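Q: There's a structure below that I have some questions on.
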Amino acid sequence: MSSPDDDYVTELALKAGRGDKAALTQFIAATQDDVWRLLAHLAGAEHADDLTQETYLRVLGALPRFKARSSARTWLLSLARRAWIDSVRHDMARPRKSAAEYDDVAAQEPSPDDPNAWSDVIDARMLLDALRPERREALVLTQVLGYTYEEAAAIAGVRVGTIRSRVARARRDLIHASPGSDGQSH
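So the sequence shown is residues 42 to 227, counted in this note's numbering.
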């Protein structure tokens with residue numbers, strides 16, 4: 042499903058691929074927030090800036106070969122996803138964050154408006170981080186960023202049924218892992 046905005050972004054990408062520097066600037070401006078949001082959800086906000094930069098470095102090399110077989114936004118988010126996967130592969134030798142690191146963030150001064158806000162954010166982040174990467178990706182693409190299952194499948198490079206399955210499993214995992222859950226669905 043293509044929107045006018047997707048058509049505009051795709052046209053900018055095609056022009057940028059032919060060397061139009063103004064189109065490149067507009068393309069980056071029109072897509073940078075989407076790329077950063079996806080990467081912040083997949084890798085964490087602390088890594089999103091670096092991964093966004095890495096994504097656009099890849100884009101610069103790949104734009105001349107972009108043929109608009111899919112929307113430029115879908116293509117771009119696929120490149121962002123690959124940058125994230127490459128960073129995960131690179132970091133596999135390093136241990137995951139410990140609970141103590143999350144406790145340090147949670148111990149920061151809570152908001153006077155909502156003293157439970159930090160705890161809720163940390164709990165949600167820990168639950169997302171605990172998901173298998175492909176399930177987290179499917180959940181973030183469809184439930185957080187609002188892409189359709191078809192768009193998410195194109196971004197992830199898998200079939201629509203695979204995305205549906207991953208989202209269902211991610212939801213089940215979150216229900217079973219959430220504090221106070223008795224592990225049974227209602």
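Ideal placement from N, C-alpha and C gives every residue a C-beta, glycine not left out. All figures in this text were calculated on a predicted structure; none of them were measured in a lab.
Considering only their Cβ atoms, is the gap separating V76 from A109 smaller than 9 angstroms?
A: Within the sequence shown, the letter at position 68 stands for residue 109. Within the sequence shown, the letter at position 35 stands for residue 76. Result no, Cβ atoms of A109 and V76 do not sit closer than 9 angstroms.
Q: Rounded to whole angstroms, how far is the Cβ of L83 from the Cβ of R177, which I believe are closer than 8 angstroms?
A: Indexing the sequence shown from 1 puts residue 83 at position 42. Indexing the sequence shown from 1 puts residue 177 at position 136. Going by Cβ atoms, the distance from L83 to R177 rounds to 7 angstroms, so yes, they are a contact pair.
Q: Within 8 angstroms, do at least three Cβ pairs link the region 192-207 to the region 86-93?
A: Too few Cβ pairs lie closer than 8 angstroms, so no.
Q: Thinking C-alpha only, which one of E191, L172, W125 is nearest A218?
A: One-based indexing of the sequence shown puts residue 218 at position 177. Here the closest residue by C-alpha is L172.
Q: Taking only the alpha-carbon atoms, compute the straight-line gap between W116 and L215 and give it to the nearest angstrom.
A: In the sequence shown, residue 116 corresponds to position 75, counting from 1. In the sequence shown, residue 215 corresponds to position 174, counting from 1. Cα-Cα distance, rounded: 29 angstroms.
Q: Taking C-alpha atoms, which residue in A179, V185, G187 lies nearest to A211?
A: For the purposes of this step, residue 211 is taken as the residue at position 170 of the sequence shown. Checked all of A179, V185, G187; the closest Cα to A211 is A179.
Q: CA-CA distance, L182 and V50?
A: Residue mapping note: residue 182 aligns to position 141 of the sequence shown, counting from 1. Residue mapping note: residue 50 aligns to position 9 of the sequence shown, counting from 1. Approximately 19 angstroms, taken between the alpha carbons.
Q: Let me know if R213 comes out buried or exposed under the rule of 16 or more other beta-carbons within 10 Å of its beta-carbon.
A: In the sequence shown, counting from the first residue as 1, residue 213 sits at position 172. When all chains shown are included, R213 counts as exposed.
Q: How would you write the range of the alpha helix (DSSP H) that Q94 sits in, first residue to last?
A: Locating residue 94 in the sequence shown gives position 53, where the first residue counts as 1. 86-103 is the span of the alpha helix (DSSP H), which, as asked, contains Q94.
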